[in-house]
Amino acid sequence: MGEPTEIQQAGAGRADTARGGSGARPAPSGREPDGATPAAQSRTAALRNRIREQRRSPARPRIWFELALIGISYWIYSIVRNAVPEQASTAQQHARWIWDFEQSVGIAVERSINHGVDSIGWLITGMNYYYATLHFVITIGVLVWLYRRHPGRYVAARTVLFVTTAIALVGFYFFPLAPPRLMTDSGFIDTVKTHGTWGSMASGPAAHVSNQYAAMPSMHIGWSMWCGLAIFFLARRTWVRALGLLYPVATLVVIVSTANHFWMDAVGGELCLLVGFASARWLYHSSVYKLPQVPARETAEEPITVPEQWSEPAVGARR
2 MGEPTEIQQA GAGRADTARG GSGARPAPSG REPDGATPAA QSRTAALRNR
52 IREQRRSPAR PRIWFELALI GISYWIYSIV RNAVPEQAST AQQHARWIWD
102 FEQSVGIAVE RSINHGVDSI GWLITGMNYY YATLHFVITI GVLVWLYRRH
152 PGRYVAARTV LFVTTAIALV GFYFFPLAPP RLMTDSGFID TVKTHGTWGS
202 MASGPAAHVS NQYAAMPSMH IGWSMWCGLA IFFLARRTWV RALGLLYPVA
252 TLVVIVSTAN HFWMDAVGGE LCLLVGFASA RWLYHSSVYK LPQVPARETA
302 EEPITVPEQW SEPAVGARR
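With the working numbering applied, the sequence shown corresponds to residues 2 to 320, in that order.
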């Protein structure tokens, strides 16, 4: 009869433990060791995951938001660029510094190119119009193309462009620079005035509404290289990719031939673009062109639907 007694004592011990004896565990308080409730922690984790997914596969913004953002950004860009005090004496001094430096290293060929191309009327006229129009037309066209065909890469690519332009504004403010055609006693030809074309906001009737000394860095080069790289890495046809590489090269020839920029302005534009790409890589944890072509949320599998009659058993099969 001793065995049942031991069993009863063991059962009683378990019951005491369940009722809060010395071996009982404390009831959960609803808070984690760090003081946050499980619900708060789960919300924080969900937010972290969402941010992580947005970085890995940024979503395509709504078209109305994007149009408004680009419009407002360009408006601010124009205001800041044109509001910089036109420090003529400082801008002339900086231009002389750059021209002397290029001569010292043997790359001061801008004046020779400017005079040589100016002697070909039809060519320099075309370059004047190229300088005035394609800078905006091609950039807007590439933005639209990325938005439609590469929505997963659009936001990151646009970020590169925005960062590049923002850095350029800093350069315009702190380093006013006279373009070669405005240098005093330099011998450069202002091709817009000479040939009576409109090819620069800083020449002719529009000169009074534009900062004539916002030449460093060259956004003609920064933007054209941004466009060219996007076309080269993302276009499918070989000849289109080749045109993408030729576009910034042609732009470089144009800005030098029309005496709107020095070689060094182009280098400054490339450095701004490099910082733009580095910023986008840090922000999205990937190279711009290696992001998915389509955002993850747009490629989510949708349920497959079939006509209702397909799900009904065939009458012939029953027979």
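By construction, the Cβ of each residue, glycine as well, lies at the ideal position given by its N, Cα and C atoms.
All figures in this text were calculated on a predicted structure; none of them were measured in a lab.
Short Cβ contact (8 angstroms threshold) for residue i with residue j
i	j	result
T178	M217	Rather than Thr, the amino acid found at residue 178 in this sequence is Leu. It is a contact, given that the beta carbons lie within the stated cut-off.
G277	L135	no
T239	T126	no
I114	V257	yes
E67	W264	no
T160	A281	yes
G223	L284	no
V295	P152	yes
G142	H196	no
P180	A260	yes
S225	P249	yes
A231	A279	no
R82	L170	yes
R154	L253	no
Residue nearest to residue i in terms of C-alpha spacing, selected from the options
i	options	result
T322	Q94, G72, Q294 and S74	An answer regarding residue 322 cannot be provided, because it is not within the stretch 2 to 320 covered by the chain.
Y148	L284, A169, V250 and L235	L235
I1	A215, V106 and W123	Beyond the ends of the chain as shown, which are 2 and 320, falls residue 1; an answer cannot be given.
L272	A260, V295 and T166	T166
A96	H262, T140, A251 and H151	H262
G270	H151, F233 and M220	M220
V193	L70, Y130 and T91	Y130
A92	A69, G172, M128 and A109	G172
D191	L144, G72 and H116	H116
Counted within 10 angstroms of its Cβ, other Cβ atoms place residue i as buried (16 or more) or exposed
i	result
R237	exposed
R63	exposed
Q104	exposed
Y132	buried
W76	exposed
V164	buried
D119	buried
Q213	buried
F137	exposed
I168	buried
D101	exposed
W227	buried
G21	With a pLDDT of 47 at G21, under the threshold of 50, the modelled position of that residue is not reliable, and the figure given next carries that caveat. G21 is exposed by the Cβ-count criterion.
A267	buried
F189	buried
V106	exposed
V255	buried
I99	buried
V156	buried
Coil, strand or helix - residue i by DSSP
i	result
M265	helix
T166	helix
I256	helix
V295	coil
T185	coil
Y214	coil
G197	coil
R282	helix
S79	helix
L247	helix
A231	helix
S74	helix
A236	coil
A158	helix
A179	coil
8 angstroms Cβ cutoff, residue i in contact with chain B
i	result
M184	The structure shown contains no chain B; it is built from a single protein chain.
Distance cut-off 7 angstroms: residue i Cβ against heavy atoms of the ligand SAM
i	result
T160	This structure lacks the ligand SAM, and indeed carries no ligand of any kind.
Entirely enclosed alpha helix (DSSP H) segments - the region 85-155, minimum 4 residues = With a minimum length of 4 residues, the continuous alpha helix (DSSP H) runs that stay inside the region 85-155 are 89-106, 111-119 and 122-150.
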